[in-house]
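In what follows, a single structure is set out as structure tokens and then discussed.
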Amino acid sequence: MRNAFADELTKLAAEDDRLVLLSGDIGNRLFDPFKAQHSERFFNCGVAEANMTGVAAGMATCGLRPITYTITPFATTRCLEQIRVDICYHNVPVIIVGVGGGLSYASLGSTHHSCEDIAFLRALPNMTVICPADALEVRAALHAAIAHNGPVYMRLGKKNEPAVYESQPDLELGQGKVIRDGNDVCILATGNILPVVVEASKVLATTMKIDARVINFHTVKPLDAPLLRDVFSTFRVVVTVEEHSLIGGLGGAVAEWMADTNSNGSRLLRFGTPDAFLHEAGSQGYLRSVCGLTSVKLADGIAHELRVVQGTNS
Amino acid sequence: MQNSTQNELKKMAAEIRGRVISLSHKARTPHLGSSLSCVDILVSLYGGILKIDPTRPAAPDRDRCILSKGHAAPAQYAVLAKCGFFDDSVLSTYNQDGAVLAEHPGPGCVPGIEAATGSLGHGLPLGVGMALATRLRKFDTRVYVVMSDGECNEGSVWEAAMFAPAQRLETLAVIIDYNKWQATGRSDDVMSLAPLADKWKAFGWETEEVDGHDITALQQALDPALGTAGRPRAIVAHTVKGKGVAFMEDDNNWHYRIPTADDVKAAHIELGLK
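As they're listed, the protein sequences go chains U and D. Counting in this note's numbering, the first sequence runs from 1 upward without gaps. Counting in this note's numbering, the second sequence runs from 1001 upward without gaps.
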């Protein structure tokens, strides 16, 4: 995703001289083409994310369209107060890009994991939260974020993620997208876990004869309420999946929506990371497995829930 | 506001002080000592240094002045009203229910407020961003950030202090209202602030120490014609908290105390106001 981001931004900057890139001393080599073509619009802000965020907001008040970029926890929770006051309170168009959302940097340890960022940023007034699912969606999300005249948080994975899309999708902020149709259960997923969810839907179909609808909820805020109304009026079981804590992420947002809405008694089943720091070393695949976020574990959990609901009915 | 004589500016400063004391009494808001300590700094800036026009408050090439010590907002509000950025009747509604002017300024609450402040340590990074953006857009713009000494406790101040010289931001100036107090103690005791000017020098800023109540000296130090060889400028302005009213000066109780009607009367007499 990060390569797609850097490439798309370099192209867009050629057409839009308001775009400036602020990096928190990362992206060595990654931004070489941007620097070569737009050297005066690249700012290495050092390992000083609070300042980087304030600088970006100050630039935005003067008509520029700054993009801040660093590893997710440092782009978000490290400088949360600057995001809240400088960007959101002033309601200026800064795009905060976090690379390494969720467990993308699993092996670097919990300092580099980011399983709370959606919760924190979603709570801020004026903020839009987008979690692209693959490299092509990153490109579409960047276009949408730039077109949006307000604060945006864009949560990337790292690199070489499996593709969900074969060509660049259309992306409307706040509008979920059906990836796979089905009638037995509906799975809502956001961000870099979506390819795993697509795999899970295949496992459900081939080994359990369960036909799942899969919806890409790339925008966690604002939530696509019309789509949720449709989903909850159609399905007895609705599932959310995210590489993020069960507290405050997509599942949390949907649960809030349910509490405020007549959701027809449908059951919500949420998959995500636990309310805990992960102390074990290991790859992203390993830690996903620890958290139950593999295609087989998701398929098993969903199938079990469907049996419980059907059992209650009979 | 250009070419105001020093006597006129001194008179303006006294009037601003009187107004700020009245506002604090009427609205029952604290931070009076902090407001009084930066009045001469603000009068120096708005009375001849800043390239601004109250009839075009959003001109893209205007100079920017950020009061990063947002708790002194009444002083900036009073100066802005005096300079014609908004009507004095708006100032009179300060801190009333539903009014636009709160104890700390909200974003764009009135023309002339360039940034919402109140949480300390935000103004300098914002000012750096404004200076970088206006330079990139090739505007002849300067950015001035007024901070408190207590504010220099915040790490974000020193992040920005390292970044601005690296960007050779000579269009940026910071003025530190060094009144030697913060909310609950002497600022040099709480965080080992001294030697403050040496710190800014060491960080690569063109640094000068001035009497922060001497408008002539302040304006000389802030003169945009002064060269800095590519460095941003730091003015360490030595000030007295509560300046202008003998019974408030250097008494940190006036960080929070609200003046009584008698206090207001006595202060106005001392300031030579009716």
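Beta carbons are placed, not taken as given, at the ideal position from N, Cα and C, and that holds for glycine. Model, not experiment: these values are computed from the prediction.
Under a Cβ-count criterion, where at least 16 other Cβ atoms within 10 Å of its own Cβ denotes burial, should D:A1058 be classed as buried or exposed?
exposed
Please list, in chain order, the residues of the segment 77–111 of chain U that have any C-beta partner in chain D closer than 9 Å.
C79, E81, Q82, R84, V85, D86, Y89, H90, N91, V92
Taking C-beta pairs closer than 8 Å, name the residues in chain D that U:L64 reaches, listed in chain order.
A1133, L1136, R1137
Between which two residues does the alpha helix (DSSP H) harbouring D:I1016 extend?
1006–1027
At a cut of 8 Å, does the segment 248–262 of chain U reach the segment 290–305 of chain U through at least three beta carbon pairs?
no
Distance between D:L1218 and U:G24 (C-alpha atoms, nearest Å):
36 Å
State buried or exposed for U:E322, treating a residue as buried only when at least 16 other CB atoms are found within 10 Å of its CB.
No answer is possible for residue 322 of chain U: it lies beyond the span of chain U, which begins at 1 and ends at 314.
How would you list, in chain order, the residues of chain U whose beta-carbon sits under 8 Å from the beta-carbon of D:V1128?
N51, G54, V55, G58
Below 8 Å, can you find three or more Cβ-Cβ pairs linking the segment 187–199 of chain U to the segment 144–152 of chain U?
no
Who are the near neighbours of U:I26 in its chain, counting only those whose CB is closer than 8 Å to its CB and skipping five residues on each side?
Y69, T70, I71, V99
Less than 8 Å between the CB atoms is what I'm expecting for U:Q37 and U:G54, so what's the real figure, rounded?
Their Cβ separation, rounded to whole angstroms, is 26 Å, which puts U:Q37 and U:G54 out of contact at 8 Å.
For D:T1228, which residues does DSSP report across the bridge?
The partner list for D:T1228 (beta bridge, DSSP) is empty, contrary to what the question assumes.
Given a threshold of 16 other Cβ atoms within 10 Å of its Cβ, counted over all protein chains shown, does U:E40 qualify as buried or as exposed?
exposed
Return the chain-ordered ranges of every beta strand (DSSP E) run that is complete within the segment 1020–1090 of chain D and spans a minimum of 3 residues.
1064–1067
Does chain U have any CB closer than 8 Å to the CB of D:G1155?
yes
Are D:L1172 and D:P1232 close, meaning C-beta to C-beta below 8 Å?
yes
At which residue ranges does the segment 1109–1148 of chain D contain complete beta strand (DSSP E) runs of 3 or more residues, listed in the order of the chain?
1143–1148
Selected residue, minimal CA-CA separation from U:R236, among U:N264, U:L136, U:T77
U:N264
I need the straight-line Cα distance from D:L1126 to D:V1146, nearest angstrom please.
12 Å
Rank U:L22, U:N216, U:L287 by C-alpha distance to the C-alpha of U:D179 and give the top, closest one.
Strictly speaking, residue 179 of chain U in this sequence is Ile, with Asp absent from that position. Of U:L22, U:N216, U:L287, the residue nearest in Cα terms is U:N216.
In whole angstroms, give me the CA-to-CA distance for U:L185 and D:P1060.
A small fix is needed here, since residue 185 of chain U is Val in this sequence, not Leu. The straight-line gap from Cα to Cα measures roughly 54 Å.
Quick check: what's the CA-CA separation for D:S1024 versus D:N1179?
20 Å
Short check: CB of D:A1081 to CB of D:L1091, under 8 Å?
yes
Those runs of the alpha helix (DSSP H) which lie wholly inside the segment 1181–1229 of chain D and span at least 4 residues:
1187–1191, 1196–1202, 1215–1222
Selection from U:P274, U:Y89, U:K221, U:A48 that minimises the alpha carbon distance to U:C115:
U:P274
Near U:P162, which residues of its chain fall below 6 Å by C-beta distance, leaving aside the five closest residues on each side in sequence?
P195
Which first and last residues belong to the alpha helix (DSSP H) in which D:E1170 is found?
First-last for D:E1170: undefined, no H or E at that position.
Can you tell which of D:A1166, D:C1109, D:Q1096 has the C-alpha that lies nearest to the C-alpha of D:R1028?
D:Q1096
Alpha helix (DSSP H) segment containing U:T206, residue limits:
194–208
Taking 8 Å as the CB-CB cut-off, is D:P1125 touching chain U?
yes
For U:G277, does the three-state DSSP call read helix, strand or coil?
It is Phe, not Gly, that sits at residue 277 of chain U in the sequence shown. Coil.
Using a Cβ cut-off of 8 Å (strictly closer), state whether D:A983 contacts chain U.
Residue 983 of chain D is absent from the structure shown; chain D starts at 1001 and stops at 1274.
Between D:F1163 and chain U, is the shortest Cβ-Cβ distance under 8 Å, so that the two count as touching?
yes
Members of the segment 1187–1215 of chain D that neighbour chain U once the beta carbon cut-off is set at 7 Å:
none
Using a Cβ-Cβ cutoff of less than 7 Å, which residues in the same chain neighbour D:M1130 once the five nearest sequence positions on both sides are dropped?
R1064, V1143
In three-state terms, what does DSSP make of D:G1272?
coil
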